[in-house]
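Participant: Handing you a structure now.
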Amino acid sequence: MKNHPVLRRTCLALLASTALFGPLAAQAQQLQKITYLLPAPGTLPAFGPWMLAQAKGYYAAEGLEVEFVTGRGGVDVAKQVGAGNAVIGGAIGDTPIIARAQGIPIKAVAVLGSGSLTQLVSHKDERIESPRELKGKTVTVISYTDTTYYALLGMLSKVGLTKNDVNIQAAGPAGVWQQFASKKAVAMAAVPDWTVSALETGAKVDILPADVYFKSMAQAILASDETIQKNPQLIQKLVRATLRGMKDIMADPKAATAVYVKQVPMYKGKEASILQAFEMYNKYVYAGQKVPGQMDEARLGELQKFYVSNGVVQKEAPLKDLYTNQFVNAK
């Protein structure tokens with residue numbers, strides 16, 4: 000039996016397969032499982048950098064197996080991360096201002112771009128060239144607690160208007176662009192995803208970046224003070240992998256679109272829309288950082304003053320409590 004040719008071939012095949020797949024299996028077993036909390040569904044184009052990092056194995060290359068879970072907005076993500084229910088989360092660069100005021104011990108550890116996530120999008124035939132021209136008109140926002148709403152208030156404040164001068168409608172994640180597209184509103188405080196949705200209905204639009212008037216921020220990565228202190232290597236890995244995804248979109252949005260649609264197959268056949276969204280993120284949000292991911296402290300300080308003066312938070316926190324650049328500046 001010991002020289003039986005079939006048995007011998009089978010043993011050799013098993014040995015070969017163990018030699019080939021053994022290291023891979025061992026590597027898979029060694030991946031550290033991480034829950035990454037996002038403020039909205041990860042299938043939105045806004046989370047392109049994260050999905051690309053997943054699809055291209057950037058997290059796996061750092062020894063991580065990342066599971067994305069959807070929270071209920073950026074402040075909820077901050078609360079969960081601060082409570083230790085997730086080691087990492089996504090929000091907006093502004094979010095730590097609100098979170099710290101509520102006693103939530105988190106910081107922004109990276110900001111994905113120097114632009115604002117929010118743009119004021121208006122119908123071209125309305126000829127809205129400044130927020131000043133919104134007086135007495137209807138503008139949609141996703142909600143009255145979202146940072147896009149605060150960005151709109153900030154834009155209005157720079158031209159001497161308040162929320163009482165404009166009919167601001169909280170329309171929800173679909174209604175925010177649907178009501179605008181159907182001309183029930185002259186403008187919307189939008190992120191590129193919603194702008195593309197409106198364009199697909201045939202809307203003709205003008206886009207005014209929020210940061211022309213008000214320096215609100217791009218998306219951010221949040222971590223708790225405890226994790227930053229006790230496990231900085233883990234935060235470093237997550238930041239590094241996610242920023243690689245953003246850099247891929249910036250370098251070649253068309254190639255990034257192809258990878259993204261494979262990762263998020265619900266967009267198969269909608270590649271043109273995804274490419275358009277990525278190009279908007281490149282133009283309005285991602286570009287302009289000297290160091291990818293770096294927080295602008297002066298900008299954060301001005302934002303915090305606005306949040307305090309508008310009663311969103313009661314008092315200013317020390318800026319160093321709101322962010323750290325240690326992970327984006329690391330070589």
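With numbering that gives the first Met the number 0, the residue at position 149 of the sequence shown is 148, and numbering never jumps. By construction, the Cβ of each residue, glycine as well, lies at the ideal position given by its N, Cα and C atoms. Treat the numbers as computed from the prediction; the structure is a model and nothing was measured.
1) According to DSSP, is Asp-210 part of a helix, a strand, or is it coil?
2) On the DSSP bridge assignment, give the partners of Phe-67 in chain order.
3) Within 8 Å, do at least three Cβ pairs link the segment 193 to 205 to the segment 61 to 72?
4) Are the beta-carbon atoms of Leu-318 and Gly-300 separated by less than 7 Å?
5) Use the C-beta contact count for Ala-184: other C-beta atoms within 10 angstroms, 16 or more gives buried, fewer gives exposed.
6) Whose C-alpha, out of Gly-159, Ala-240, Ser-115 and Leu-63, is nearest the C-alpha of Val-284?
7) Determine the closest residue to Ser-142 out of Lys-55, Ala-59, Leu-152 and Asn-309, with distance taken between C-alpha atoms.
8) Three-state secondary structure (DSSP) at Ala-90?
9) Rounded to whole angstroms, what is the Cα-Cα separation between Asp-210 and Lys-157?
10) Under 7 Å between the Cβ atoms of Phe-213 and Met-294?
11) Could I get the ranges of all uninterrupted alpha helix (DSSP H) runs contained in the segment 80 to 131, with 4 residues as the minimum, in chain order?
12) Less than 6 Å between C-beta atoms, sequence neighbours within five positions excluded: which residues of the same chain meet that for Gln-325?
13) Quick one: residues in its chain with C-beta nearer than 8 Å to the C-beta of Ala-25, no 5 flanking neighbours on either side, listed in chain order?
14) Please report how far the alpha carbon of Thr-226 lies from the alpha carbon of Ala-250, in whole angstroms.
15) Mind listing, in chain order, the continuous alpha helix (DSSP H) runs of no fewer than 4 residues lying wholly within the segment 171 to 230?
16) Starting from the N-terminal side, write out each stretch of the alpha helix (DSSP H) that is 4 residues or longer and does not extend beyond the segment 264 to 321.
17) Closest to Val-195 by C-alpha separation, out of Trp-49, Glu-132 and Gln-118, would be which residue?
18) Please list, in chain order, all residues of the same chain as Arg-131 whose beta carbon is under 6 Å from its beta carbon, the five residues on each side excluded.
19) Pick helix, strand or coil for Ile-248, following the three-state DSSP scheme.
20) If I measure Cβ to Cβ from Lys-304 and keep anything under 8 Å in the same chain, skipping five residues before and after, which residues do I get?
21) Can you tell me where the beta strand (DSSP E) holding Ala-169 begins and where it ends?
22) Nearest to Glu-278 by alpha carbon, out of Asp-320, Thr-241, Gln-232 and Val-190?
23) Whole-angstrom Cβ separation of Ala-257 and Asp-247, contact assumed at under 8 Å?
24) By DSSP's criteria, Val-138 is part of a beta bridge. Which residues make up the other side?
Facilitator: Considering the structure as presented:
1) Assignment of Asp-210 by DSSP, reduced to helix, strand and coil, places it in the helix class.
2) Tyr-35
3) With the cut-off at 8 Å, the segment 61 to 72 and the segment 193 to 205 do not touch.
4) yes
5) buried
6) Ser-115
7) Selected option, being the one with the closest Cα: Leu-152.
8) strand
9) 11 Å
10) no
11) 94 to 100
12) none
13) Note that Ala-25 has pLDDT 39, beneath the 50 cutoff, so the model's placement of it is unreliable and the number below is only indicative. Contacts found: none.
14) Their Cα atoms are separated by approximately 31 Å.
15) Within the segment 171 to 230, the complete alpha helix (DSSP H) runs of at least 4 residues are 171 to 180, 191 to 199 and 224 to 229.
16) 270 to 279 and 296 to 308
17) Gln-118
18) Val-158
19) helix
20) Glu-315
21) 166 to 169
22) Nearest option by C-alpha distance: Val-190.
23) The pair is not a contact, with the Cβ atoms about 11 Å apart (cut-off 8 Å).
24) Ile-167 and Ala-186
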